[in-house]
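Novice:
In the working numbering, the protein residues as written are 399 to 665.
1) Between residue 660 and the rest of its own chain, which residues show a CB-CB distance below 6 Å, the 5 nearest in sequence each way excluded?
2) Write down the C-beta distance between residue 602 and residue 575 rounded to the nearest angstrom, noting that I regard them as a contact closer than 8 Å.
3) Applying the 10 Å Cβ sphere with the 16-neighbour rule, what's the burial state of residue 450?
4) When you compare only the Cα positions, how much space is there between residue 638 and residue 432?
5) Contact defined as beta carbons within less than 8 Å: I believe residue 610 pairs with residue 524. What is the distance between those atoms, to the nearest angstrom?
6) Should residue 513 and residue 598 be called a contact, given that it needs their Cβ atoms to be closer than 8 Å?
7) Measuring only the C-alpha atoms, how far is residue 665 from residue 526?
8) Counting only the same chain and skipping the five closest in sequence on each side, list residues whose C-beta sits under 7 Å from that of residue 443.
9) Contact between the segment 423-438 and the segment 464-474: three or more CB pairs below 8 Å?
10) What is the DSSP secondary structure of residue 665, counted as helix, strand or coil?
11) Return helix, strand or coil for residue 404, following the three-state DSSP convention.
12) Do you know how far the Cα of residue 506 is from the Cα of residue 556?
13) Alpha carbon to alpha carbon, what distance is there between residue 517 and residue 554?
14) Specify whether the segment 532-543 and the segment 576-586 touch according to this definition: at least 3 beta carbon pairs, one from each stretch, less than 8 Å apart.
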């Protein structure tokens with residue numbers, strides 16, 4: 399008993415100061431353990447954890463929670479911050495704006511001849527319904543006869559490609575009403591004057607919509623965070639590349655659109 403008491407007093411007498419190199423190493427080790435496992439810093443005051451570190455180094459004692467929070471964590475944060483800032487300063491590789499890249503790639507696909515012609519046709523139909531009171535009334539009458547909810551067609555905006563996706567979605571949803579409108583003589587006359595076909599390639603528009611949908615989702619996900627992380631951007635871009643994988647039932651146009659967008663994203 400006396401021998402054990404003498405050893406205890408000796409350990410207390412020779413305890414390592416907190417600024418000792420060995421103490422700093424063990425303290426940082428404890429902090430990293432708690433941070434990695436998302437544990438509260440108050441665990442440094444847990445007798446069992448203190449016993450573990452005493453077994454590792456008998457002359458070492460875990461500092462209190464206040465010291466860990468105010469001194470250790472603050473130093474770890476500043477060291478990490480300085481390291482990241484230094485690496486960013488010395489790097490020559492940068493990632494472009496993911497949202498902007500998506501916009502450019504999809505715009506290239508929308509300029510393909512077949513797609514451009516199909517979009518021009520549906521735009522003219524939408525414009526006719528939205529800008530002509532008689533055409534709009536006729537359109538709503540068709541919705542009423544079909545027991546559909548009265549909804550407006552949507553126009554797209556050149557500078558916002560995803561508005562084209564919304565235009566297609568709404569037009570396809572209202573396909574029956576639009577088709578009945580196209581059978582109306584005054585409607586046909588207006589389109590004929592504009593040298594446009596009164597027939598709409600609904601299958602083609604549906605293909606375009608399905609190809610664009612993952613990109614529309616991506617443009618909503620990225621801006622949803624004020625400062626999206628690189629992990630977020632990479633996960634979104636990876637999902638887009640997966641959506642561009644050729645499918646066994648892809649038409650020649652779908653393959654062409656996917657190849658156009660993929661080429662743009664790989665630049």
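Just so you know, even glycine gets a beta-carbon here, dropped at the ideal spot from N, CA and C.
These numbers were taken from a predicted model, which means no experiment stands behind them.
Specialist: With the given structure in hand:
1) 642
2) That belief does not hold up - the Cβ atoms of residue 602 and residue 575 are roughly 19 Å apart, past 8 Å.
3) exposed
4) 37 Å
5) That belief does not hold up - the Cβ atoms of residue 610 and residue 524 are roughly 17 Å apart, past 8 Å.
6) no
7) 39 Å
8) 462, 463
9) yes
10) coil
11) Any reading at residue 404 must be qualified, since the residue scores a pLDDT of 44, below 50, and its modelled position is unreliable; the value itself is stated next. Helix.
12) 13 Å
13) 10 Å
14) yes
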